[in-house]
Amino acid sequence: MRMTNLFFATLRETPSDAEVVSHQLMLRAGYIRKLTSGVYTYMPLMWKVLKKISNIIREEMDAAGAQELLMPILQPEELWEESGRWQAYGKELMRVQDRHGRMNALGPTHEEIITALVRDEIKSYRQLPVNLYQIQDKFRDEIRPRFGVLRGREFLMKDAYSFDTSEEGLETSYQKMSEAYTRIFKRCGLETRMVRSDSGAIGGSVSHEFMVLTKTASGENDVLYCDTCTYAANSNRAESVMPPAQTDGKFSEAKEAETPGVKSIEDLTKFFGIEPSCICKTLVYIADNKPVLALIRGDRTVEEIKLKNVINANEIRIAGNAEIEELTQKFGFNAQPGFIGPKGIDVQIVGDESIKELKNFVIGINVTNKHFVGANWGAEFNLPKKIADIRLALAGDFCSECDGKLEITKGIEVGNIFKLGTKYSEKMKANFTDENGKEKPFIMGCYGIGVSRTAAAAIERYHDKDGIQWNMAIAPYHAVIVPVNVKDEFQMGIAEELYKRLIEKNIETVIDDRDERPGVKFKDADLIGFPVRITAGKTLSEGMVEIKLRSTGEMFKVLKDEAVSKVVELIKQELCGS
RNA sequence: CGGGAUGUAGCGCAGCUUGGUAGCGCACCUCGCUUGGGACGAGGGGGUCGCACGUUCGAAUCGUGUCAUCCCGACCA
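Numbered as in my numbering, the first sequence ends at 583 without a single skipped number.
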């Protein structure tokens with residue numbers, strides 16, 4: 006490809022509405038342009054990257070025994086009624102009406118379509134198992150699209166669906182997919198962690214997410230992972246074992262104490278000269294419009310998602326100050342926030358495991374400017390009946406599965422795998438006949454990879470101040486040749502010759518034949534992120550060209566006749582190394 | 001849906017308070033000059049100032065409405 010022909014434009018300035026690095030760089034380097042909120046055009050460079058990722062996915066999916074097909078994006082309402090998701094999916098499901106007034110959905114995922122298809126086509130256990138996948142645009146009408154291609158409304162996704170005759174079969178399919186996923190991301194140059202997750206709205210029993218750990222602040226999720234074993238989990242469901250802490254308040258006497266204006270945990274620690282871990286903190290939440298008290302050790306934070314799951318609520322939020330006072334008044338107290346406690350408040354109370362070992366602790370008693378000190382469970386206070394893990398796991402906690410320690414990082418979810426079981430096949434009456442002539446629903450699994458999101462994750466993970474550092478396997482081109490001065494016939498001649506010979510070697514090469522000053526070409530090459538740059542300039546006086554690696558900055562000066570073999574070698578190395 | 005902000009050339013922004021010929025930088029076109037890290041000079045093209053209504057002799061500027069985009073949250077994962 007000649008740079009003078011390539012459809013692209015780099016921007017010197019960062020568009021003001023791009024917040025995260027991948028979004029900024031994709032815009033600046035000419036990979037994407039926004040059409041409307043959450044919807045982007047993939048420019049030629051971007052499309053090359055997406056095709057590379059897609060092809061890696063294809064190779065690994067095919068190798069794992071899956072078959073590619075392509076399903077429509079427009080899906081009739083009836084199928085979604087069958088699964089019950091026309092109602093359940095909510096506003097994220099983009100609904101469109103056709104000229105006859107019939108309703109359709111733009112596919113956010115394809116369980117309904119594939120289940121209906123397989124129901125019609127597969128009748129016997131002899132035809133199973135089968136795993137079908139597609140790489141296709143999905144549409145989800147996100148409330149708030151953001152981060153460019155990381156969380157768009159329209160995005161490229163690979164989705165696969167497995168159909169088995171038994172749970173054991175599903176386990177095998179699931180295992181195969183998890184192995185394929187690990188290989189796929191590795192080949193894209195991305196280290197991923199397989200993270201346990203709730204199956205959530207899609208349903209089913211077991212699911213895992215594949216996360217790219219990014220360190221930068223631009224990841225969407227906090228991920229806690231063990232430094233020793235493979236345990237990793239989203240922070241909103243990570244389990245941990247707390248490290249030892251001072252949990253004995255060492256008050257010699259159990260009594261009410263005056264605590265004027267002492268409201269926060271920090272105030273209390275200062276006032277009494279104790280550790281925050283000697284305090285029982287009481288938080289008021291409103292869950293589905295009903296107040297709930299959450300008790301947790303003073304040095305710990307409640308994870309609202311965990312609390313929500315424990316009490317089986319649909320919606321949860323922290324109560325406002327007015328609501329807290331109102332609550333205390335309802336039970337005959339009149340306490341301000343900061344002095345709340347469980348005693349005498351007859352609502353659902355959930356205690357975090359962290360409060361069990363508290364001794365001689367400090368706790369609120371619903372009297373403004375007073376606390377109770379030297380409290381003990383079973384004496385002055387009763388341990389809540391409901392004790393659960395509702396706490397946010399922290400870096401430095403111990404792993405719940407081994408002796409290791411948890412660390413925290415940001416993560417971007419690039420893939421997920423679900424065991425669906427018979428959730429869809431039962432509702433949609435998708436049955437096969439087993440060995441005994443009995444009708445049974447398919448046992449299903451589904452497996453997604455965000456293709457466009459994977460590209461964004463790769464940029465989030467690998468970039469520097471100058472631009473993108475693509476892994477060789479997914480870079481739009483392998484190499485760029487920069488003739489420093491295109492009007493210098495000698496330089497240009499060498500550059501053209503190298504270009505021809507690299508193309509002959511099947512190296513995907515761009516020649517920057519623009520009549521620009523060298524600074525511009527170097528800046529653009531770095532920004533776009535060509536993994537290998539070959540410069541034909543002043544070193545030609547010694548018969549040499551320069552070869553520079555984008556990822557490491559490593560530079561080689563080689564004789565021009567050796568340039569091609571050196572480039573081929575470097576590219577091979579990088580492709581195998583990943 | 002709640003809170004905040006912004007819509008002026010492809011991009012980044014000024015102008016608006018105090019109404020009177022629509023500006024700057026980058027990008028683009030022409031010529032010259034320059035060629036190892038986003039040069040320089042001269043000339044040029046491109047804007048119904050998001051849209052609608054209103055106030056006014058006159059609106060980018062004031063008022064009302066509306067649409068869009070972005071950020072924080074809720075949601076999703």
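By construction, the Cβ of each residue, glycine as well, lies at the ideal position given by its N, Cα and C atoms.
Residue burial classification, residue i (beta-carbon count within 10 angstroms, cutoff 16)
| i | result |
| --- | --- |
| Ala327 | exposed |
| Gly455 | buried |
| Gly498 | exposed |
| Val217 | buried |
| Leu16 | exposed |
| Arg589 | This structure leaves residue 589 out entirely; the chain is present only between 6 and 583. |
| Pro481 | buried |
| Ala264 | Checking the displayed sequence, the identity of residue 264 turns out to be Thr instead of Ala. Buried, by the Cβ-count rule. |
| Glu126 | exposed |
| Ala206 | With a pLDDT of 47 at Ala206, under the threshold of 50, the predicted position of this residue should be treated as unreliable, though the coordinate-derived value follows. Exposed, by the Cβ-count rule. |
| Asp531 | buried |
| Phe152 | buried |
| Leu507 | buried |
| Leu575 | buried |
| Gly442 | exposed |
Beta carbon of residue i nearer than 7 Å to that of residue j
| i | j | result |
| --- | --- | --- |
| Met433 | Glu579 | no |
| Leu273 | Pro296 | no |
| Ile140 | Leu111 | no |
| Ala324 | Ala292 | no |
| Lys268 | Gly343 | yes |
| Arg3 | Ile61 | This structure leaves residue 3 out entirely; the chain is present only between 6 and 583. |
| Val123 | Phe168 | yes |
| Leu161 | Ser457 | yes |
| Ile350 | Phe336 | yes |
| Ala185 | Glu65 | yes |
| Lys528 | Val550 | no |
| Tyr130 | Lys424 | no |
| Ile413 | Asp227 | yes |
| Ile301 | Ser359 | yes |
Terminal residues of the alpha helix (DSSP H) in which residue i lies
| i | result |
| --- | --- |
| His28 | Val26 to Arg33 |
| Ile516 | It is not in any alpha helix (DSSP H) - Ile516 instead sits in the beta strand (DSSP E) that spans Thr514 to Ile516. |
| Arg585 | The chain is shown from 6 up to 583; residue 585 falls before or after that span and cannot be answered. |
| Ile329 | Asn326 to Lys335 |
| Val267 | Note, Val267: premise wrong, no alpha helix (DSSP H); not H, not E. |
| Gln353 | No alpha helix (DSSP H) contains Gln353, which is instead part of the beta strand (DSSP E) from Gln353 to Asp357. |
| Ser430 | Lys428 to Lys432 |
Range covered by the beta strand (DSSP E) that runs through residue i
| i | result |
| --- | --- |
| Ala121 | First-last for Ala121: Glu116 to Glu126, but that is the alpha helix (DSSP H), not the beta strand (DSSP E). |
| Lys313 | Counting along the chain, Lys313 falls outside any beta strand (DSSP E), though it belongs to the alpha helix (DSSP H) covering Glu309 to Val315. |
| Asn109 | Met108 to Leu111 |
| Ile301 | Lys295 to Arg302 |
| Ser21 | Counting along the chain, Ser21 falls outside any beta strand (DSSP E), and DSSP gives it neither H nor E. |
Residue i in three-state terms, based on DSSP
| i | result |
| --- | --- |
| Ser171 | coil |
| Pro281 | helix |
| Trp475 | coil |
| Arg2 | Nothing in the structure corresponds to residue 2, since the chain is present only between 6 and 583. |
| Leu79 | strand |
| Glu418 | strand |
| Arg38 | strand |
| Pro488 | strand |
| Lys57 | helix |
| Val228 | strand |
| Asn511 | coil |
| Val154 | helix |
| Cys581 | helix |
| Met48 | coil |
| Gly205 | Note that Gly205 scores a pLDDT of 49, beneath 50, so its modelled location is shaky; the value from the coordinates is reported in the next line. Here Gly205 sits in helix by DSSP. |
| Phe423 | strand |
| Phe377 | strand |
| Phe386 | strand |
| Arg17 | coil |
| Ser405 | coil |
| Lys528 | helix |
Check: residue i C-beta below 6 Å from any heavy atom of the ligand FAD
| i | result |
| --- | --- |
| Ala14 | Annotation note on the ligand FAD: not contained in the displayed structure, which lists no ligands. |
Cβ contact check for the stretch 252-265 and the stretch 429-447: 3 or more pairs under 8 Å: no
The stretch 399-419 / the stretch 364-379 touching (three or more Cβ pairs under 8 Å): no
The stretch 513-522 contacting the stretch 486-498, beta-carbon criterion three pairs below 8 Å: With the cut-off at 8 Å, the stretch 513-522 and the stretch 486-498 touch.
contact_flag[the stretch 568-576, the stretch 39-54] where n(CB pairs < 8 Å) is 3 or more: Judged by pairs of C-beta atoms under 8 Å, the stretch 568-576 does not touch the stretch 39-54, as fewer than three such pairs exist.
Contact between the stretch 404-418 and the stretch 94-108 (3+ Cβ pairs under 8 Å): no
Validate contact between the stretch 499-507 and the stretch 537-544 using beta carbons, cut 8 Å, 3 pairs: Put simply, the stretch 499-507 touches the stretch 537-544. At least three CB pairs are less than 8 Å apart.
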